[in-house]
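Those protein sequences? They're chains A and B, same order as listed. Following numbering that gives the first Met the number 0, the numbering of the first sequence begins with 0 at its first residue and continues without gaps. Following numbering that gives the first Met the number 0, the numbering of the second sequence begins with 0 at its first residue and continues without gaps. Some notes on the structure that comes next.
There are 2 protein chains.
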Amino acid sequence: MLEFAILGLLQEAPMHGYELRKELTAKLGAIRAAISYGTLYPTLRRLQAAGWITEANETPTTSDVPALTSRRGRVVYEITAEGKERFAQLIAQAGPETYDDTGFGVHFAFFARTDQATRLRILEGRRRKIEERREGLRDVLGRAAERLDAYTMELQRHGLEACEREVRWLEELIANERSGRAPTAPTTGAAGGRPEDNSPPPPGESRKERP
Amino acid sequence: MLEFAILGLLQEAPMHGYELRKELTAKLGAIRAAISYGTLYPTLRRLQAAGWITEANETPTTSDVPALTSRRGRVVYEITAEGKERFAQLIAQAGPETYDDTGFGVHFAFFARTDQATRLRILEGRRRKIEERREGLRDVLGRAAERLDAYTMELQRHGLEACEREVRWLEELIANERSGRAPTAPTTGAAGGRPEDNSPPPPGESRKERP
DNA sequence: GTGTCGATGTATCGGGCCGATACATCGTCG
DNA sequence: CGACGATGTATCGGCCCGATACATCGACAC
Numbered sequence: 000m001l002e003f004a005i006l007g008l009l010q011e012a013p014m015h016g017y018e019l020r021k022e023l024t025a026k027l028g029a030i031r032a033a034i035s036y037g038t039l040y041p042t043l044r045r046l047q048a049a050g051w052i053t054e055a056n057e058t059p060t061t062s063d064v065p066a067l068t069s070r071r072g073r074v075v076y077e078i079t080a081e082g083k084e085r086f087a088q089l090i091a092q093a094g095p096e097t098y099d100d101t102g103f104g105v106h107f108a109f110f111a112r113t114d115q116a117t118r119l120r121i122l123e124g125r126r127r128k129i130e131e132r133r134e135g136l137r138d139v140l141g142r143a144a145e146r147l148d149a150y151t152m153e154l155q156r157h158g159l160e161a162c163e164r165e166v167r168w169l170e171e172l173i174a175n176e177r178s179g180r181a182p183t184a185p186t187t188g189a190a191g192g193r194p195e196d197n198s199p200p201p202p203g204e205s206r207k208e209r210p
Numbered sequence: 000m001l002e003f004a005i006l007g008l009l010q011e012a013p014m015h016g017y018e019l020r021k022e023l024t025a026k027l028g029a030i031r032a033a034i035s036y037g038t039l040y041p042t043l044r045r046l047q048a049a050g051w052i053t054e055a056n057e058t059p060t061t062s063d064v065p066a067l068t069s070r071r072g073r074v075v076y077e078i079t080a081e082g083k084e085r086f087a088q089l090i091a092q093a094g095p096e097t098y099d100d101t102g103f104g105v106h107f108a109f110f111a112r113t114d115q116a117t118r119l120r121i122l123e124g125r126r127r128k129i130e131e132r133r134e135g136l137r138d139v140l141g142r143a144a145e146r147l148d149a150y151t152m153e154l155q156r157h158g159l160e161a162c163e164r165e166v167r168w169l170e171e172l173i174a175n176e177r178s179g180r181a182p183t184a185p186t187t188g189a190a191g192g193r194p195e196d197n198s199p200p201p202p203g204e205s206r207k208e209r210p
């Protein structure tokens, strides 16, 4: 999962570890806590060993001061062609982990780089999974009610409500997706229409308007 | 976290691994997926090594079929006195992990075995943590809006809404707690299923651990 | 009879991810 | 000029997961 997120972020710009963590936190703050360095640095090493990222020479920034770089300094990583290929492959293939809380959140965060068919497939898979969880909770609340104390039941009830709300949210997103609009855009005409402009790598950054 | 849940469940009845997993899934279904056996069995071994649980002889069902027990059969675990002490200690001391999603859920699921002061402390700690997450999301949605694509923003928006809702839920629970009522119970009598298996260890209500 | 299928049941292994910890540089403010 | 917080890289022990293997049992089919 982290591998996916790192490859996705490095396609926007080369970065060093600390920066990567900040961007990761900003982008995924809704679905998980800040990534640990104890995870990040070994993962970077793993990605580098696999050939998906490489160390980029830190820009000497105009008038040199070259020799002083002997200090440990920042290590800037950039994605390789193989890395981009790997990212595309990770987007396309959806394993079961694509639909759990973290996996779905990470995939969703990179929907702007995902084609519409895949977006739809992921949203529907997620909906299915949440519906199953919802049914499980309904079962427990119904059949096993007298075996559970009031606090446990309240926890299930709250979880059930969250499931129902997420299903509704997904329904909306799926409907939007099918009608070719941007995420939540009951908005006015601002830049909405073209769903096909999400092609990933072009230098023109894909900022969609929604202020 | 799993250690906590196992000790809590084994105080209700001795159980073998498979059964433990089912009960765990029923009790914690709202907050996490089913526990993996690759976690459960090593954890049971760890708890046993620590002296907090022991293997209970499966009831030989009086005098018959003795030698046949050579088969691998089920291994029933029961909690020890040290285990109960450990559980009480884990309830009392609240580290940072007590307030993250999983940690809070597990603690909440055993609120029926937790004294009111501790319940209140945990609920307020959780509220504080969620409020911080909420502020973080508001920051991102406000300040960094133009740096994010529409899907990422929608994810944050949805996460923000979930935070706001959880804060309201916690507020309710805290108010109930202060007024001395059971969770959200316009329902039947006391806080629990059957009164006999509830309130197991100390009839003495308020153990004062206030620092 | 026997085949096989799903539920029950215990167990290991590689690997991802975490928190704690350590250490070094830099700008700023008192 | 010294303390402090932000920036920055890195390791280690340990929890937990998914995949996998294997064994027993009742039930239902053939």
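Every residue gets a Cβ at the ideal spot worked out from N, C-alpha and C, and that includes glycine. Source: prediction; values computed, not measured.
- List, in order along the chain, the chain A residues whose C-beta lies closer than 9 Å to that of ASP99 of chain B? Neighbours of ASP99 of chain B in chain A, taken as residues at a C-beta separation under 9 Å, are given in chain order as ALA32.
- Task: Taking only beta-carbon positions, decide if PRO13 of chain A is within less than 9 Å of chain B.
- Result: no
- Message: Here's the rule: buried if 16 or more other CB atoms are within 10 angstroms of the residue's CB, otherwise exposed. What is GLY50 of chain B?
- Response: exposed
- List the residues of chain B that VAL139 of chain A touches, going by C-beta distances under 8 Å, in chain order. ALA25 and GLY28
- So does the region 166–179 of chain A actually touch the region 36–55 of chain B, counting three or more Cβ pairs closer than 8 Å? no
- Item | Distance CB(GLU77 of chain A)-CB(THR53 of chain A) smaller than 9 Å | yes
- Query: Does the region 143–152 of chain B come close enough to the region 105–124 of chain A that 3 or more CB-CB pairs lie under 8 Å?
  - Reply: yes
- Query: Does the ligand SAH have a heavy atom nearer than 8 Å to the CB of GLU96 of chain A?
  - Reply: The ligand SAH is not part of this structure, which contains no ligands at all.
- Query: For the alpha helix (DSSP H) that contains ALA87 of chain B, what are its first and last residues?
  - Reply: 80–91
- Buried or exposed: which applies to ASP114 of chain B, given that a residue is buried once 16 or more other Cβ atoms fall within 10 Å of its Cβ? buried
- Message: For a contact defined as C-beta to C-beta under 8 Å, what are the partners of TYR36 of chain A on chain B?
- Response: In chain order: nothing, as chain B lies at least about 17 Å away.
- Item | Nearest candidate by alpha-carbon position, reference GLU130 of chain B, set B:PRO182, B:ARG142, B:ASP99 and B:GLU145 | B:ASP99
- Given TYR40 of chain B, which residues of its chain have a CB within under 8 Å of its CB, disregarding the five upstream and five downstream residues? GLY16
- Contacting positions in the region 82–110 of chain B - beta carbon closer than 9 Å to chain A: ASP99, ASP100, GLY104, PHE107, ALA108, PHE109 and PHE110
- C-alpha distance - GLN10 of chain B paired with ALA143 of chain A, whole-angstrom precision: 19 Å
- Have a look at B:LEU6, B:ARG20 and B:LYS26 and flag the residue whose alpha-carbon is nearest the alpha-carbon of VAL139 of chain A. B:LYS26
- Item | GLY28 of chain A beta carbon less than 9 Å from that of GLY135 of chain B | Yes.
- Task: Say whether the region 152–169 of chain B touches the region 119–130 of chain A, bearing in mind that this needs 3 or more beta-carbon pairs closer than 8 Å, one atom from each stretch.
- Result: The region 152–169 of chain B is not in contact with the region 119–130 of chain A.
- Query: How about PRO235 of chain B: is its C-beta nearer than 9 Å to some C-beta of chain A?
  - Reply: What the structure shows of chain B is the stretch from 0 to 210, and residue 235 of chain B is not part of that stretch, so it cannot be assessed.
- Message: Under 9 Å, Cβ to Cβ, is there at least one residue of chain B near LEU154 of chain A?
- Response: Closer than 9 Å to some Cβ of chain B, the Cβ of LEU154 of chain A qualifies, so yes.
- Task: Go ahead and pull the three-state DSSP assignment for GLU11 of chain A.
- Result: coil
- Task: Report the three-state DSSP secondary structure of ALA55 of chain A (helix, strand or coil).
- Result: Strand, per DSSP.
- Report, in whole angstroms, the separation of the C-beta atoms of THR101 of chain B and ILE34 of chain B, which I expect to be a contact under 8 Å. Not quite, the Cβ-Cβ distance comes to about 11 Å (not below 8 Å), so this is no contact.
- Quick one: which unbroken alpha helix (DSSP H) runs of 4-plus residues sit fully inside the region 88–135 of chain A? Chain order, please. Qualifying alpha helix (DSSP H) stretches, in chain order: 100–108.
- So, helix, strand or coil for VAL74 of chain B, using DSSP? coil
- Message: My output table needs one value for SER35 of chain A: the three-state DSSP class, helix, strand or coil.
- Response: Coil at SER35 of chain A, not helix or strand.
- Message: Rounded to whole angstroms, what is the Cα-Cα separation between THR117 of chain B and GLN88 of chain A?
- Response: 48 Å
- GLY141 of chain A, DSSP secondary structure in three states: helix
- Query: In terms of alpha-carbon separation, which member of A:ARG85, A:LYS83 and A:ALA55 lies closest to GLY72 of chain A?
  - Reply: A:ALA55
- Message: Between THR79 of chain A and chain B, is the shortest Cβ-Cβ distance under 9 Å, so that the two count as touching?
- Response: no
- Query: Over what stretch of residues does the alpha helix (DSSP H) that includes ALA29 of chain A continue unbroken?
  - Reply: Per DSSP, ALA29 of chain A belongs to no alpha helix (DSSP H) and is neither H nor E.
- Message: Please report the straight-line C-alpha distance between LEU6 of chain B and ARG120 of chain B, rounded to a whole angstrom.
- Response: Taking the Cα positions, LEU6 of chain B is about 21 Å away from ARG120 of chain B.
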